[in-house]
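Beneath this line is the structure, given in structure tokens, with notes to follow.
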Amino acid sequence: MPTKPARDAARAAIEAAVRAIPLGRVSSYGAVARQAGLPGRARLVGHVLRTSVDGELPWQRVLHADGRLAAPVGTALARLQARRLAAEGVAVHRGRVPAVHFAEQRDLDAALWRFGKEAASGRG
DNA sequence: ATTTTGACGACCC
DNA sequence: TGGGTCGCCAAAA
Numbered sequence: 001m002p003t004k005p006a007r008d009a010a011r012a013a014i015e016a017a018v019r020a021i022p023l024g025r026v027s028s029y030g031a032v033a034r035q036a037g038l039p040g041r042a043r044l045v046g047h048v049l050r051t052s053v054d055g056e057l058p059w060q061r062v063l064h065a066d067g068r069l070a071a072p073v074g075t076a077l078a079r080l081q082a083r084r085l086a087a088e089g090v091a092v093h094r095g096r097v098p099a100v101h102f103a104e105q106r107d108l109d110a111a112l113w114r115f116g117k118e119a120a121s122g123r124g
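Following our numbering, the numbering of the first sequence begins with 1 at its first residue and continues without gaps.
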């Protein structure tokens, strides 16, 4: 009982949302927060990921809203994240991941772009 | 109890 | 593009 129930529930919801990001796709702190039922709590997501003890948590799939990695290019964390993403097929270029890799559709352009690719390759 | 910090993000120059 | 503001709020100082 040392911790507050509401906080634990929030943490659990956030970790669940992160685990729900499919392999090979990425999401953002803000999107994860919304998915966890905590709109506007992007910073809390960062906090939870930073302090999580779950070694299986695919934290590398969570990026900034603009596609940037969690940490600035050159830092150990950024290199680790890029490495882990590359291992699951997500290419990182100059510390960023293109919007196309995001699990949720960020904007109409991205959606149309993907639609075009998928339609062209006969898949939907 | 108060202040500062932080793996954020939308906005506005 | 790049940089500053403001809102959010859990932890740490």
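We treat Cβ as the ideally placed atom computed from N, Cα and C, and that holds for glycine.
Terminal residues of the alpha helix (DSSP H) in which residue i lies
i, result
"Asp8", "5–19"
"Gly74", "That residue, Gly74, is in no alpha helix (DSSP H); it is neither H nor E in DSSP."
"Leu49", "42–51"
"Arg34", "29–35"
Supposed close pair residue i, residue j - CB separation, criterion 8 Å
i, j, result
"Gln105", "Arg84", "24 Å between Cβ atoms; not a contact."
"Pro72", "Val18", "Not a contact, Cβ separation roughly 21 Å."
"Leu44", "Ala33", "7 Å"
Cα-Cα separation, residue i to residue j
i, j, result
"Gly46", "Arg96", "17 Å"
"Ala78", "Ala6", "31 Å"
"Ala10", "Ala70", "20 Å"
"Val26", "Val90", "8 Å"
"Tyr29", "Arg94", "20 Å"
"Ala31", "Lys4", "24 Å"
"Gly55", "Pro98", "26 Å"
"Ser52", "Val100", "27 Å"
"Leu63", "Leu38", "17 Å"
"Arg41", "Gly74", "27 Å"
"Ala86", "Gly67", "15 Å"
"Val92", "Asp8", "33 Å"
"Ala12", "Ala76", "27 Å"
"Ile21", "Ala82", "17 Å"
"Gln35", "Gly24", "18 Å"
Strand pairing of residue i, partner residues [DSSP]
i, result
"Leu23", "Looking at the DSSP assignment, Leu23 forms no beta bridge with any residue, so it has no partner."
"Ala63", "The residue you asked about is not Ala; residue 63 is Leu in the sequence shown. Note: Leu63 sits in a beta bridge opposite Ser28."
#### Entry: Uninterrupted alpha helix (DSSP H) stretches inside the region 76–107 (no shorter than 4 residues)
You should have 76–87.
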